[in-house]
Structures are given as C-alpha cells and as structure tokens.
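Counted the way my numbering counts, the sequence shown spans residues 1079 to 1350.
Report on one structure; see the data block that follows.
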Amino acid sequence: MKFTAKLADGDVNISKGNPLKEAAWLVGGLITILALLYIGLGFVAGLVAMHLPVKAEVWIGRKISAGFQDRSNHYLQQHLDGLIGALPADSPLHAYTFRIFLDESEKVNAFALPGGSIVVFKGLLQTVGSENELDMVLAHELGHFAHRDHLQAMGRSLLVVVGSWLLPGDQSSDILPWIMGKLERRYSQKQEAAADSWGLDLLNRRYGHVGGATDFFKRLAGNGKTHLAYFLATHPHPEDRLHRLETLIRQNGYAVRETIPLKKGWIEKRAE
C-alpha cells in the first residue's frame, strides 16, 4: 500500500470545544474552591474561638488594646471590679485581668475586646442614669466574655489577625480600626439573649436585686434621638430586650429594689 502525505487541515490547532463553556467551567470551579475554603476557614475559626487558651487570647488582646492604654478610667474600673468581685469562685472569668477603657465617641455602645478589655463609649455614659444601670451594661459585656462571643464575632478575621502579628513588622495601628468594626457588629439574637440573662444574674449577685436592669432599655425604647441610631443598628431592638428581661425577672423571682443614683460629681468626671 502506498502512503500519500496530506497537508494538515487549517483548523488542526483549534479546539473542538466551546471556549465560552470551558471558561465558565473554570470560573465555576474556582468559585467552588474559594467557597469551600471560606466555609472551612469559618469552621476552623469557630473551633479556635471556643478552644483558644486564655493566655493566647490575652496575647491577642494586648496587641489590640495597645492603642487604648491611655484611655483607662478610674470610675469605670471601680464598677467593673465590683462586678468581678461578685463572680462565683469557680467562674472561668477569674482567669482574666479585666480592664476598661473610655472612647470619646458619642456612640451609645460598649463592646468586649479579646483578653479581658471592655471599651465603653462616652455616648453610653451620657445615657445611663444609675450605678445599677451602668453595671447591667458592664455585666452584659462580661456575659459575652463568658460565652466567648467576642472571639466568635471576629470569625475568620481572628485567623487573619493572628497571622498578621506573626509576620515581621507591627501592623497594630493599621488593623485596630478593622478589628473594632468586627467587634462592634451585631451579635446574634441568641448571643444577646444569653448575655442579658448572664448579666442579669451577675447584677443580682452584686446588689442582691436587679433594680435598674431594665432602665437602660426603657430609656432607649422611648427615645427617638438620632445619636441612638447606632445602638439600634448594632443591637436587637431595646423593646425586645426589655420584654425578655422582664420575663427573666419574673421567672427567676428576682427582687427589684431602688437603684443607687450616680454619685455627686461622678457625672462630670465619668468622661474625663
């Protein structure tokens, strides 16, 4: 048999498939891989948040709170120390050394930082009306510590934060605003309810009654001022929390007595 050479067709290097279809498959595959990585990181971050040793959390907290060291407040620290003193002897919160810092912002808010630090905004101090009311807010934040909500709120960013500090150089000043944004965001309804319940019990341990526990939320629920909009954007509606607290007070048989007014001169000094 005689072999006869033939010239190759002009389309020998042209794929028989559809380029658009192949591109779609590639993009779809990449998106799927990224989605799986995102979900996986979320799972890992959740495990890290729940099982991170307190010493490691304190190390992270020192990095984050470095920019707040000049914002300590003696009056707020006294209130926080009083609540810590009322904790049960076996409370895991005794492993922390709690510090409280004042931010001059007019926001009506407070939030927990990893490692035992609590940031209170000036706007919140201008809203509370009694020592009991202030302590309920602080006890609520301690409730987030007890349930490690502050670490879970950081989510995947917790891994990013740890990784950034393992790299050469100091990124603390650059990353702090981003971390604060994560920690100020809304907790889930379940987390807020659990922190309210925990805080209510601590308030009862501190004073022997829960007078003032609902005052903050009553005031917010009936106040339409613009500066309260931030609180409403980052927390469940105060009316919902008010009803839930009133139900808990009835169910647990907590006594409700007179509150302690803020000490004379404290209102002027509390934001110094």
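Just so you know, even glycine gets a beta-carbon here, dropped at the ideal spot from N, CA and C.
- Put simply, of N1187, T1292, P1339 the residue whose alpha carbon is nearest the alpha carbon of L1326 is T1292.
- Of the candidates E1211, L1280, H1228, E1211 places its Cα closest to the Cα of P1339.
- For A1224, the enclosing alpha helix (DSSP H) starts and ends at 1209-1225.
- Under DSSP, L1340 shares a beta bridge with no residue.
- Distance from the CA atom of S1169 to the CA atom of L1280, rounded to whole angstroms, is 11 angstroms.
- About 17 angstroms separates the CB atoms of L1180 and L1220; that is not less than 8 angstroms, and the two are not in contact.
- Cβ-Cβ distances below 8 angstroms link W1137 to G1193 in the same chain, with the five nearest sequence neighbours on each side left out; the list follows chain order.
- Burial is judged here by how many other beta carbons sit within 10 angstroms of a residue's own beta carbon; E1336 has fewer than 16 and is exposed.
- Taking 7 angstroms as the cut-off, the beta carbon of L1158 is found closer than this to the beta carbon of F1176.
- When the five nearest sequence neighbours on each side are left out, the beta carbons in the same chain lying within less than 6 angstroms of the beta carbon of E1135 are those of P1192, G1193, in order along the chain.
- The C-alpha of A1299 lies about 19 angstroms from the C-alpha of V1288.
- If you compare the alpha carbons of Q1204, A1188, T1205, L1203 with that of V1197, the shortest gap goes to A1188.
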